[in-house]
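Per my numbering, numbering of the sequence shown is gapless, rising by one per residue and ending at 342.
This report concerns only the one structure given below.
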Amino acid sequence: MKIIAIHSSPRPKNLSHTAVMLSALREHLTTRRPEWDYEEVALWGLDINVCDGNGRCFRRDDCVFEDEAETLIQRMLEADGVILASPNYCANVNSTMMKFVERTTRLSHRRLLAGKGALALSTSASPFESSHAADYLRRLLGSYGASVVDACNIGSPIVVYDYGDTNHGVALRAHVDSFIEAVEAPQDHIPDGTFGIDIRASLRDHPEFARRLFRSDDRYFATQDREQQEAQKHEASE
Ligand SMILES: Cc1cc2nc3c(=O)[nH]c(=O)nc-3n(C[C@H](O)[C@H](O)[C@H](O)COP(=O)(O)O)c2cc1C
105 MKIIAIHSSP RPKNLSHTAV MLSALREHLT TRRPEWDYEE VALWGLDINV CDGNGRCFRR
165 DDCVFEDEAE TLIQRMLEAD GVILASPNYC ANVNSTMMKF VERTTRLSHR RLLAGKGALA
225 LSTSASPFES SHAADYLRRL LGSYGASVVD ACNIGSPIVV YDYGDTNHGV ALRAHVDSFI
285 EAVEAPQDHI PDGTFGIDIR ASLRDHPEFA RRLFRSDDRY FATQDREQQE AQKHEASE
């Protein structure tokens with residue numbers, strides 16, 4: 105299996121709490137699944153243009169910019185499991201992550217990561233910080249259609265000094281275990297929605313509007329047609 109972990113700390117690897125957390129993750133993952141291919145990508149310093157809202161990705165599977173965001177999206181599509189990790193800045197993901205996230209909008213619109221396992225992580229200065237940033241990334245990965253497991257925030261002082269057998273170390277390893285399960289059996293971890301919008305219900309209740317909004321996306325309509333056929337079969341058999 106191919107795993108890609110993308111993180112957005114702007115700090116050098118030896119100082120970054122997020123990178124330290126990912127080292128602990130990597131150690132556990134490669135112990136449990138030594139045959140898996142794991143790669144880590146730092147977003148900081150990559151050539152990624154800010155989305156200018158031109159809307160091309162609403163209609164097509166590409167972008168006006170040909171930069172490293174596009175290469176990275178391609179690598180996510182080729183992976184079996186995707187991990188997103190961000191430092192918590194002002195109770196959310198940092199702008200380095202957000203700049204990349206905006207460029208991935210088509211993954212959400214077309215649910216292009218369906219069938220892949222996913223995990224969302226964050227680090228924060230406070231070990232008591234709630235996991236807003238990681239929760240956001242979890243919902244984002246769900247909107248991509250990925251089989252995403254529970255999000256995990258790790259308080260950075262603990263990441264750096266004591267991630268071994270502490271609660272945080274145990275929590276991180278438990279999340280990695282769930283992630284392994286989701287990669288191996290994505291059908292058991294289907295996400296429940298996308299940012300609170302039930303796209304299937306929208307298609308059902310407002311078909312004309314939804315058709316215009318997602319006009320290039322046949323996959324939604326295939327799902328909708330299949331569901332309608334199943335409902336009709338069910339009604340007929342009653
Ligand atoms: C601009 C900025 C805003 C931050 N906001 C928060 C915050 O709201 N809550 C928190 O617990 N930590 C906050 N932090 C601390 C970082 O989340 C924490 O140190 C993180 O682990 C840094 O990750 P890194 O070392 O991988 O870059 C902030 C740090 C910076 C630089």
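Ideal Cβ placement from N, Cα and C applies to all residues, glycine included.
Just so we're clear, the structure is a prediction, and the values are computed from it rather than from any experiment.
Proximity test, residue i beta-carbon vs ligand 1 heavy atom, cut-off 7 Å
| i | result |
| --- | --- |
| Pro191 | yes |
| Cys194 | yes |
| Ser235 | no |
| Leu150 | no |
| His272 | no |
| Arg115 | yes |
| Ala224 | no |
| Ala123 | yes |
| Leu119 | yes |
| Ala229 | yes |
| Ser260 | yes |
Inter-residue CB distance, residue i and residue j (contact presumed, cutoff 8 Å)
| i | j | result |
| --- | --- | --- |
| Pro290 | Gly219 | 5 Å |
| Val197 | Leu241 | 6 Å |
| Thr200 | Pro116 | Contact flag wrong, Cβ pair sits at about 14 Å. |
| Pro191 | His272 | Wrong, their Cβ atoms sit about 15 Å apart, outside the cutoff. |
| Asn257 | Ser212 | Not a contact, Cβ separation roughly 22 Å. |
| Ser260 | Ser228 | 6 Å |
| Val152 | Ala128 | Inspection of the sequence shows that residue 152 is occupied by Ile rather than by Val. Not really, about 27 Å apart at Cβ, beyond 8 Å. |
| Leu126 | Glu139 | At roughly 20 Å, the Cβ-Cβ gap does not stay under 8 Å, so Leu126 and Glu139 are not in contact. |
| His132 | Arg277 | 5 Å |
Range covered by the beta strand (DSSP E) that runs through residue i
| i | result |
| --- | --- |
| Ser112 | Neither: Ser112 is in no beta strand (DSSP E) and is coded neither H nor E. |
| Leu217 | Here Leu217 belongs to no beta strand (DSSP E), and DSSP marks it neither H nor E. |
| Ala189 | 185-193 |
| Gly259 | 256-259 |
Opening and closing residue of the alpha helix (DSSP H) in which residue i lies
| i | result |
| --- | --- |
| Glu282 | Correcting the residue identity first, residue 282 is Ser in this sequence and not Glu. Segment 271-288, the alpha helix (DSSP H) holding Ser282. |
| Ser120 | Careful: Ser120 lies outside any alpha helix (DSSP H) and carries neither H nor E. |
| Val205 | 199-207 |
Go through the region 223-247 residue by residue and report every complete run of the alpha helix (DSSP H) that reaches 4 residues or more, in order. 236-247
In chain order, which alpha helix (DSSP H) runs of at least 4 residues are fully inside the region 132-178? 160-163
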